[in-house]
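Q: Heads up, the sequence shown is in this note's numbering, so the first residue is 4 and it goes up one at a time. Below you'll find the structure I mean.
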Amino acid sequence: MKIFMTGGSGFVGSYLTRRLSESGHEIFVLTRSLRHTEKKLPWARIIEGDPKKPGRWQDKVAQSDAVINLAGTPIFTIWTDSARKSILDSRLLTTHNIVDALSGSGENKILLNASAVGYYGSRLDDTEFDENSPPGDEFMSEICIRWEDEAKRASISGARVVLCRFGIVLGSNGGALSKMVPAFRRFLGSAIGSGRQWFPWIHEEDLFEIFSFALENTGLSGPLNCVSPNPIRNAEFSKTLAATLGRPILLPPVPAFVLRIALGEMAKILLMGQRVVPKKLLESGFSFRYPTLRQALEDLLLHTTGAHTL
4 MKIFMTGGSG FVGSYLTRRL SESGHEIFVL TRSLRHTEKK LPWARIIEGD PKKPGRWQDK
64 VAQSDAVINL AGTPIFTIWT DSARKSILDS RLLTTHNIVD ALSGSGENKI LLNASAVGYY
124 GSRLDDTEFD ENSPPGDEFM SEICIRWEDE AKRASISGAR VVLCRFGIVL GSNGGALSKM
184 VPAFRRFLGS AIGSGRQWFP WIHEEDLFEI FSFALENTGL SGPLNCVSPN PIRNAEFSKT
244 LAATLGRPIL LPPVPAFVLR IALGEMAKIL LMGQRVVPKK LLESGFSFRY PTLRQALEDL
304 LLHTTGAHTL
C-alpha cells in the first residue's frame, strides 16, 4: 500500500514509518527539511513541502492509497494567544489541504487522522469515556473537535476516515517515557499533584498494530480510542515505573501549584486526565500485545537508552 504521511519525522511518526515500511508498505513523508529527514528516515521516501500551504506535494496525496496525518505543533507549552493559534493552525490548515488533495482522487482512499483523548475533557472521577462519549469544553477539546471536523470532510469524496484519539504513547526512543526514566533512576521521580488523575497510555508497538488494523479493516471508521484497555492513575503509574526500574519513590508528589505556575492552563492536562477505554477496538476484535502497564514497561525499558538495567 502507498501511504502518505505528515508528521512522519516526530517521535510517533518515525516509529510508525519504520514499522509500516518493514511490513511492506511504501511510505512517503512530507517535510520542510529534506536533508534532515532523509537521514532520519532512510526507510521512507521524502517529499519536501509545507503542509500548511497548498503545493505540488498534494499530487502525491492524490496518488496514495492512504494518508496518515500526524502533523501538529506540540501542545506542551504555555498557551499564550500566539501558541493557541499555532497549535490550531498547524492542525487545521494541514488537514484542510490533505482533504482538498483527496477530493476528486477517487473512492476507497483511507485517511487516518490523529486526534487525542483530550477530546473528552478532564475528569478526576471514575467516569469512563468510550468513542460514543460527548466532548469536553476545554481548549484541548476544541482542538480535537475542530481537527476531527476538518478530517471528516474527506468522507464526502468517498474516503474512509478514522479519527485516532491518542493517549500518552510510551516508546523506547523518545516521548514521555524518555523524560521520566532518568528522574526515576536517580530517585527523583514521583507522582504529580493528587496522583488520582487517570493516565490513558499505549505502547508504541500496539499503536503500530492499531494503525495496521485500521488500514486493513474496511469496516472501521470514525473515532477510535488508541489507548490500552487498562488505564491507570498517575500515582499507580509512578509506582509501577519505579518498581520496574527497581527504585523506591522517595520524594512527595510534585505540588499542583508548581505546575500551574510553570505551565499555566496547560498544567490541567497533567493534573486532571481522563479514564478512556478502547471500546471500539475491543469490539472489532483487536488484541493488545501489551495490555498492562507492567508488561509494556518491562518491554520498553529493555530498549530505552540509559534504562537497560531494571
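Positions of the beta carbon are idealized from the N, C-alpha and C atoms, including for glycine. It should be emphasised that the depicted structure is a prediction, and the values quoted were computed from it without experimental measurement.
Could you tell me which whole alpha helix (DSSP H) segments of length 4 or greater appear in the region 264-300?
A: 270-274, 282-286
Q: Does the beta-carbon of I6 have 16 or more other beta-carbons within 10 angstroms, so that it is buried, or is it exposed?
A: Residue mapping note: residue 6 aligns to position 3 of the sequence shown, counting from 1. I6 is buried by the Cβ-count criterion.
Q: On the three-state DSSP scale, how would you describe I49?
A: Sequence index remark: in the sequence shown, residue 49 carries index 46 (1-based). Here I49 carries a strand assignment [DSSP, helix/strand/coil].
Q: Tell me which same chain residues have a C-beta within less than 6 Å of the C-beta of L33, skipping the five on either side of it?
A: For the purposes of this step, residue 33 is taken as residue 30 along the sequence shown, with counting starting at 1. For L33, the CB contacts under 6 Å within the same chain, skipping 5 residues up- and downstream, are T9, I50, G52, P54, W60 in chain order.
Q: Can you give, in chain order, each stretch of the beta strand (DSSP E) that sits fully within the region 60-146 and has at least 3 residues?
A: 69-72, 113-119
Q: Quick one: what's got a C-beta closer than 7 Å to P255's C-beta in the same chain, skipping five residues either side?
A: Taking the sequence shown and counting its residues from 1, one reaches residue 255 at position 252. Correct list, in chain order: S193.
Q: Candidates L296, W201, L223, E141: which alpha carbon is nearest T243's?
A: On the sequence shown, residue 243 is found 240 positions in, with the first residue counted as 1. Minimum Cα distance to T243 is reached at L296.
Q: Which residue's Cα is closest to the Cα of A69: L37, S108, G249?
A: Locating residue 69 in the sequence shown gives position 66, counting from the first residue. Among L37, S108, G249, the Cα nearest to that of A69 is on S108.
Q: Between the C-alpha atoms of L115 and T221, what's the straight-line distance to the nearest angstrom?
A: Working through the sequence shown from its first residue, we reach residue 115 at position 112. Working through the sequence shown from its first residue, we reach residue 221 at position 218. The alpha-carbon atoms of L115 and T221 are separated by roughly 12 Å.
Q: Considering only the alpha carbon of each residue, which of K42, F211, W82 lies closest to C167?
A: One-based indexing of the sequence shown puts residue 167 at position 164. Among K42, F211, W82, the Cα nearest to that of C167 is on F211.
Q: Report yes if the C-beta distance between S160 and L96 is below 8 Å; otherwise report no.
A: On the sequence shown, position 157 is the one that residue 160 refers to. On the sequence shown, position 93 is the one that residue 96 refers to. Between S160 and L96, the CB-CB gap reaches or exceeds 8 Å.
Q: For T312, count the other beta carbons within 10 Å of its own beta carbon; 16 or more makes it buried, fewer makes it exposed. Which is it?
A: Mapped onto the sequence shown, residue 312 falls at position 309. The pLDDT assigned to T312 is 33, lower than 50, so where the model puts this residue is not dependable; a value taken from the coordinates is nonetheless given after this. Classification for T312: exposed.
Q: Go ahead and pull the three-state DSSP assignment for K242.
A: By 1-based counting over the sequence shown, the position of residue 242 is 239. Note: K242 maps to helix in three-state DSSP.
Q: Roughly how far, in whole angstroms, is the beta-carbon of G196 from the beta-carbon of V120, given that I think they are within contact range, below 8 Å?
A: Stepping through the sequence shown from its first residue, residue 196 is reached at position 193. Stepping through the sequence shown from its first residue, residue 120 is reached at position 117. Contact doesn't hold; Cβ gap of about 18 Å is too wide.
Q: Ignoring anything shorter than 4 residues or poking outside the region 188-223, list the alpha helix (DSSP H) runs there in chain order.
A: 207-219
Q: Could you tell me the alpha carbon to alpha carbon distance between H28 and K63, rounded to whole angstroms?
A: The residue labelled residue 28 in the question sits at position 25 within the sequence shown. The residue labelled residue 63 in the question sits at position 60 within the sequence shown. Taking the straight line joining both Cα atoms gives about 15 Å.
Q: Just to check my reading of the structure: P234 and V280 have Cβ atoms closer than 8 Å, yes? What is that Cβ distance to the nearest angstrom?
A: Translated into positions along the sequence shown, residue 234 becomes position 231. Translated into positions along the sequence shown, residue 280 becomes position 277. Under the criterion of beta carbons closer than 8 Å, P234 and V280 qualify as touching, at roughly 7 Å.
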